[in-house]
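The sequence shown begins at 2 in the numbering used here and counts up one residue at a time.
By construction, the Cβ of each residue, glycine as well, lies at the ideal position given by its N, Cα and C atoms.
All remarks here apply to the structure that follows.
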Amino acid sequence: MLAFTYFFMGLLLVSGDENAEIFPAYGVWDAQAQTVTIKTRIWVYEPEEDSWSRDALAKALAKSMGVKSDTAEAAIFDKRIRRLIVDNERSKTVTFKALAQTKTVGPTSSNGHATLDMTLKTPSAPDHIEFEVEFEGTKDKWVVPVIKDDGIGIISDIDDTVKITNVIDRDEMMKNTFTRPFKAVQGLSQVYRKWSKKDASYHFVSASPWQLQAELQAFLEKQGFPPASYHLRVLRAKSVKSIETFASSSKPHKIEAITQLLNDFPNKKFILIGDSGEKDPEIYGEICRNHPKRIERILIRKVPGADNAKTRFVKAFNGGDASWQVFETAQDIVP
2 MLAFTYFFMG
12 LLLVSGDENA
22 EIFPAYGVWD
32 AQAQTVTIKT
42 RIWVYEPEED
52 SWSRDALAKA
62 LAKSMGVKSD
72 TAEAAIFDKR
82 IRRLIVDNER
92 SKTVTFKALA
102 QTKTVGPTSS
112 NGHATLDMTL
122 KTPSAPDHIE
132 FEVEFEGTKD
142 KWVVPVIKDD
152 GIGIISDIDD
162 TVKITNVIDR
172 DEMMKNTFTR
182 PFKAVQGLSQ
192 VYRKWSKKDA
202 SYHFVSASPW
212 QLQAELQAFL
222 EKQGFPPASY
232 HLRVLRAKSV
242 KSIETFASSS
252 KPHKIEAITQ
262 LLNDFPNKKF
272 ILIGDSGEKD
282 PEIYGEICRN
292 HPKRIERILI
302 RKVPGADNAK
312 TRFVKAFNGG
322 DASWQVFETA
332 QDIVP
């Protein structure tokens, strides 16, 4: 069993009826400035388990998906959908303290989210930073790993890359996301772990909503994937349609998130891993052209039923300087 350098922890603070969720983060060490910059986001919400309007939305979505009550799929559905139909809290703040420095994050916007971008002075590069986090009188400890700006970074999609989702089939996508146990793509976790020998850092960039981050992280780590940072999308579940279309138009989000990772680690080379189900080839090709010499390899999992014509991939990666490979099984990949 390989030992991993980085461990990513979230934190949940409960104060009265409100929850403040701190998503896993990483620190970026700047040797010249002798600083560590921490970036993540907070989410403040009320579960609102007795809300009739949210119950109505859950029932409408269950009906549209054909979820039958008192079944195993109904139990999974209820657990996951409840994370999406909470009451997001605006104008809330969370305080972070570390290395004798303090920062208050917020106020949260109408979706309950606010971002943390905190730079800490420290004379040497630490392995991690320990914070004291406070939300409306509730305090807890939170540990953030500091990632070195060298070596290899693995940027990976989730849906249909490492987890079977079948995004190209709307009904199957919804069932695989909300009513079925998550299922990993066979053999990929072993491939990902082999990169850890090169002291790789791992980063999942996905169209999946932040509300599912904790369950996705628990699932992927249980399947043997290395600990990673997560870069997901904000989803406001106001209607059945808004939930059913959560995976659409992921390109702007992925371009922004990947570009931020490249900027955070200017001396790393990256491997981009995605699938042919939607726009990963085109997104990764654009990233490669816009950031010469930063992308070492591009790996695309061939999704059955998607556009897997060679001409598509040649066009997508034209003008880039990274090697690329389309694979069907994990055995096709040489780490």
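| said: Short of 7 angstroms in beta carbon distance, which residues of its chain neighbour Ala307, apart from the five on each side in sequence? Order them along the chain. | reply: So the list reads Ile169, Ser277 and Gly278, once near-sequence residues are dropped.
| Rounded Cβ spacing between Arg295 and Lys270 (contact assumed at less than 8 angstroms) | Rounded, the Cβ-Cβ distance is 7 angstroms, consistent with contact.
| query | Is there contact between the stretch 57-70 and the stretch 91-107, where contact requires at least three CB pairs shorter than 8 angstroms? | reply | Segments in contact, no.
| said: Whole angstroms are fine: how far does the CA of Val315 sit from the CA of Glu47? | reply: Each residue's Cα considered, the two are about 48 angstroms apart.
| said: Relative to the C-alpha of Gly152, which candidate in Arg42, His129, Trp196 and Lys164 has its C-alpha closest? | reply: Of the listed residues, the one whose Cα sits closest to Gly152 is Trp196.
| Over what stretch of residues does the beta strand (DSSP E) that includes Arg1 continue unbroken? | The structure shown does not extend to residue 1, since the chain is modelled only from 2 to 336, so the question has no answer here.
| When you compare each of Arg171, Leu121, Trp325 and Ala61 to Asp31 by their alpha carbons, which one comes out closest? | Answer by Cα proximity: Leu121.
| query | In whole angstroms, what separates the C-alpha of Lys140 from that of Asp18? | reply | Whole-angstrom Cα-Cα distance: 16 angstroms.
| query | Where do the N-terminal and C-terminal ends of the alpha helix (DSSP H) with Lys223 fall, by residue? | reply | Note, Lys223: alpha helix (DSSP H), Gln214 to Lys223.
| request: Could you tell me how far apart the beta carbons of Asp160 and Ala238 are, in whole angstroms, since I believe they sit closer than 8 angstroms? | output: Asp160 to Ala238, Cβ: 18 angstroms. No contact.
| For Ile334, which residues of its own chain have a beta-carbon under 6 angstroms away from its beta-carbon, when the five flanking residues on both sides are left out? | Beyond the five residues adjoining it in sequence on each side, Ile334 comes within less than 6 angstroms, by CB distance, of Val192 and Phe328 in the same chain, given in chain order.
| field | Thr178 - containing beta strand (DSSP E), residue span | value | Here Thr178 belongs to no beta strand (DSSP E); instead the alpha helix (DSSP H) covers Arg171 to Phe179.
| At what residue ranges does the stretch 79-121 contain a whole run of the beta strand (DSSP E), taking only runs of 3 or more? | Within the stretch 79-121, the complete beta strand (DSSP E) runs of at least 3 residues fall at 95-99 and 102-106.
| request: With DSSP collapsed to three states, give me the class of Gln326. | output: Under the three-state reduction of DSSP output, Gln326 falls in the strand class.
| message | Quick check on the DSSP output: the beta strand (DSSP E) that includes Ile153 runs from which residue to which? | response | Segment Ile153 to Ser157, the beta strand (DSSP E) holding Ile153.
| request: Look up Glu287 in the DSSP assignment and say whether it is helix, strand or coil. | output: Glu287: helix per DSSP, three-state reduction.
| Which value, in whole angstroms, describes the spacing of the CA atoms of Val132 and Glu22? | The sequence given here places Phe at residue 132; Val does not occur at that position. When rounded, the separation of the alpha-carbon atoms in Phe132 and Glu22 is 14 angstroms.
| field | Thr166 versus Ile274 - alpha carbon distance | value | Approximately 16 angstroms between the Cα atoms of the pair.
| message | Considering Cα atoms alone, identify which of Arg313, Pro253 and Glu297 is closest to Ile156. | response | Ranked by how close their Cα comes to the Cα of Ile156, the residues Arg313, Pro253 and Glu297 have Glu297 in first place.
| Continuous alpha helix (DSSP H) stretch holding Leu262: start and end | Lys252 to Asp265 is the extent of the alpha helix (DSSP H) around Leu262.
| query | Taking C-beta to C-beta, are His43 and Thr109 nearer than 9 angstroms? | reply | It is worth fixing the name first, because residue 43 is Ile in this sequence and not His. Contact flag set, yes.
| message | Check for me: the alpha helix (DSSP H) holding Asp276 runs from which residue to which? | response | In this chain, Asp276 is not harboured by any alpha helix (DSSP H); it is covered by the beta strand (DSSP E) spanning Lys270 to Asp276.
| query | Between Glu137 and the ligand SAM, is the CB less than 8 angstroms from at least one heavy atom? | reply | Absence of the ligand SAM from the depicted structure is noted, as is the absence of any ligand whatsoever, leaving it without description.
| request: Measure the beta-carbon distance from Arg84 to Leu213 and round it to whole angstroms, keeping in mind my assumption that it falls under 8 angstroms. | output: Their Cβ separation, rounded to whole angstroms, is 7 angstroms, which keeps Arg84 and Leu213 in contact under 8 angstroms.
| Which residues mark the beginning and the end of the alpha helix (DSSP H) in which Lys311 is found? | Run containing Lys311: Lys311 to Phe318, per the alpha helix (DSSP H) assignment.
| query | Could you give the uninterrupted runs of the alpha helix (DSSP H) lying entirely in the stretch 19-73, keeping only those of 4 residues or more? | reply | Taking only runs of at least 4 residues, the alpha helix (DSSP H) segments lying wholly in the stretch 19-73 are 53-66.
| query | To the nearest angstrom, how far is it from the Cα of Phe365 to the Cα of Ile256? | reply | Nothing in the structure corresponds to residue 365, since the chain is present only between 2 and 336.
| query | Three-state secondary structure (DSSP) at Asp200? | reply | The DSSP-derived three-state label of Asp200 is coil.
| task | With DSSP as the reference, label Ala185 as helix, strand or coil. | result | Annotated three-state conformation of Ala185 is strand, per DSSP.
| field | Leu117 beta carbon less than 9 angstroms from that of Lys104 | value | Annotated as proximal: Lys104 and Leu117, with beta-carbon spacing under 9 angstroms.
| message | On the DSSP letters alone, give me the boundaries of the beta strand (DSSP E) that Arg237 sits inside. | response | No beta strand (DSSP E) holds Arg237; DSSP gives it neither H nor E.
| message | My output table needs one value for Val144: the three-state DSSP class, helix, strand or coil. | response | DSSP places Val144 in strand when its eight states are reduced to three.
| query | Around the Cβ of Pro146, are there at least 16 other Cβ atoms within 10 angstroms (buried) or fewer (exposed)? | reply | Classification of Pro146: buried, given that the 10 Å Cβ count is 16 or more.
| message | Suppose the cutoff is 7 angstroms on Cβ atoms and the five residues either side in sequence are ignored; what does the same chain contact list for Asp281 look like? | response | Around Asp281: Asp158, Gly275 and Ile301.
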